[in-house]
Amino acid sequence: MYYNEPSQETCLVTGVAGFIGSHLAESLIAHGYRVIGVDAFVDFYPRATKETNLAQLRQSPNFQFVETDLRSANLVKLLKGVDYVFHLAAQAGVRTSWGDGFASYVGHNVLGTQRLLEAAKQTGVQRVIYASSSSIYGNAATQPVREDSPTVPISPYGVTKLAAEHLCRLYTTEHGLPTISLRYFTVYGPRQRPDMAFHKFIRAILTDQPITIYGDGEQSRDFTYVGDIVAANLAAMHHGRAGGFYNLGGGTRVTVNEVLRLLQEITEKPAQVVYQSRQLGDAAHTSADTSAARNELGFAPRYSLMDGLRAEAAWLTELLAEPAMQLA
Ligand SMILES: NC(=O)c1ccc[n+]([C@@H]2O[C@H](COP(=O)([O-])OP(=O)(O)OC[C@H]3O[C@@H](n4cnc5c(N)ncnc54)[C@H](O)[C@@H]3O)[C@@H](O)[C@H]2O)c1
């Protein structure tokens, strides 16, 4: 993976209190950058969890936190003096994007992105690096998917992530604003969102609760460790084509049933599994062809699934040992 020399350049990270944004901001500071972090504490999961994600960052003199909403903030003012923008703020989650929930997805994911790009265009930002998603491919007929595979999302969430990616490309081609879209494939590791499968599985095993699997558990995912996603974001500051998009997949495509087997081995505890019908919007399989990211960003995932699962399980074990968390 390519890295950059330490500098006093300033990065803006949107969604900094979230799972991936908090890891990215910590890494940027460790590499010598100043970071302005933005978050609106959207109530998809508790603010207390996000405050914990921010705890280490708040101790750094190179970190400034701004609590604001991209849908309404004065973004031109916010971007003054900013060299790089990492845009991770979004309403995440596939299942809640149906029905009345959709308006919120459009606001956070599409309008928020458009307002940010509009401001970046005016303020001389060097690059905007956008957190796109494998959900834009939907149920691809051919696996692994390449960047030129058809983008046919099967969830409203995926539609909003694709729309925002199109906006990034448009601001590059029509306005000359350099953007890069990184298409993350299911990300896991410490701080993973509480609605995500591994978090739910590990928590349930550790607290002797049943685990609900939607479908027969034979659906497979290309799981990507958060540290590998962070490294690719740093590489995308100086490498990769403006207006381009890159798949970021960990390279270990496994079924949900296999993950459960590994988690029982790691925790040395049995899982109580209940199978229910498949949920609308869930892709059957995801698998990334990462040749472009490997060639142009130097992307080379370093974490094995077993090591990544161990890290996430260790984090949750520690978290659950805190009295307040046992009640959550
Ligand atoms: N986690 C994954 O597996 C995954 C996979 C593909 C893509 N992504 C993308 O990566 C990004 C980060 O995902 P995550 O899992 O860390 O999610 P997260 O929910 O933990 O973090 C997103 C953060 O953005 C904030 N936010 C949302 N709307 C905002 C707004 N209008 N203004 C300011 N802040 C706002 C939220 O409060 C939250 O803290 C998202 O864009 C997501 O779509 C994640």
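Numbering (the numbering used here), first residue to last: 1 to 328.
Positions of the beta carbon are idealized from the N, C-alpha and C atoms, including for glycine.
- In the same chain as Val159, and ignoring 5 residues on each side of it, the C-beta atoms closer than 7 Å to its own belong to Pro153, in chain order.
- For His23, there is no enclosing beta strand (DSSP E); the enclosing alpha helix (DSSP H) has its first and last residue at 19–30.
- Annotated three-state conformation of Arg34 is strand, per DSSP.
- Boundaries of the alpha helix (DSSP H) around Val256: 256–267.
- With respect to Val226, Tyr188 sits close: the two C-beta atoms are nearer than 8 Å.
- Pairing Ala30 with His23, the inter-Cα distance amounts to about 11 Å.
- At a cut-off of 7 Å, the beta-carbon of Leu70 counts as near ligand 1: some heavy atom of the ligand is closer than that.
- Of the heavy atoms belonging to ligand 1, at least one sits nearer than 7 Å to the Cβ of Gly112.
- Nearest C-alpha to Thr10 among Leu78, Ile202, Gly308, Arg183: Leu78.
- Counting only unbroken stretches of 3 or more residues, the beta strand (DSSP E) elements lying wholly within the segment 202–233 are 210–214, 220–225, in sequence order.
- About 4 Å separates the Cβ atoms of Leu88 and Gly15, confirming a contact at the 8 Å cut-off.
- For Glu296, same chain residues with a beta-carbon under 8 Å away, outside a window of 5 residues either side, are His239, Gly240, Arg241, Gly244, Tyr246 in chain order.
- Taking C-alpha positions only, Ile20 is separated from Pro61 by approximately 21 Å.
- Burial state of Ser72 is exposed, judged by a 10 Å Cβ sphere holding fewer than 16 other Cβ atoms.
- Note: Asn247 is bridge-paired with Arg183 in the DSSP secondary-structure output.
- Counting only runs of 4 or more residues that sit fully inside the segment 32–97, the alpha helix (DSSP H) segments are 47–58, 75–78, in chain order.
- Contact between Leu248 and Phe299 holds: their C-beta atoms lie close to 7 Å from each other, under 8 Å.
- A residue is called buried once 16 or more other Cβ atoms fall within 10 Å of its Cβ, and Glu268, having fewer, is exposed.
- The segment 258–277 makes contact with the segment 196–210, as at least three CB pairs between them are under 8 Å.
- When secondary structure is reduced to three states using DSSP, Ile136 falls in the helix class.
- Per DSSP, Thr172 lies in no beta strand (DSSP E); the unbroken alpha helix (DSSP H) holding it starts and ends at 156–175.
- Contact between Gln8 and Arg34 holds: CB atoms are separated by about 6 Å, below the 8 Å threshold.
- Taking Arg95 as the centre and dropping the five residues before and after it, the same chain places the C-beta of Gln279, Gly281 closer than 7 Å to its C-beta, in chain order.
- Annotation for Leu12: no alpha helix (DSSP H) segment contains it, though the beta strand (DSSP E) segment containing it runs 10–14.
- Excluding its 5 nearest sequence neighbours in each direction, Gly251 has C-beta neighbours in its own chain below 6 Å: Pro301, listed in chain order.
- No residue range can be given for Tyr303, since it is assigned to no beta strand (DSSP E) and is classified by DSSP as neither H nor E.
- At least one heavy atom of ligand 1 is found less than 7 Å from the C-beta of Gln91.
- In the three-state reduction of the DSSP assignment, Ala236 falls in the coil class.
- Relative to the non-hydrogen atoms of ligand 1, the Cβ of Lys161 comes within a distance shorter than 7 Å of at least one.
- Annotated as distal: Ala163 and Val125, with beta-carbon spacing of 8 Å or more.
- The C-alpha of Glu312 is placed about 22 Å away from the C-alpha of Arg58.
- Secondary structure of Arg310 (DSSP, three-state): helix.
- Remark: C-beta atoms of Ile136 and Thr151 approach each other more closely than 8 Å.
- The nearest non-hydrogen atom of ligand 1 is less than 7 Å from the C-beta of Gly18.
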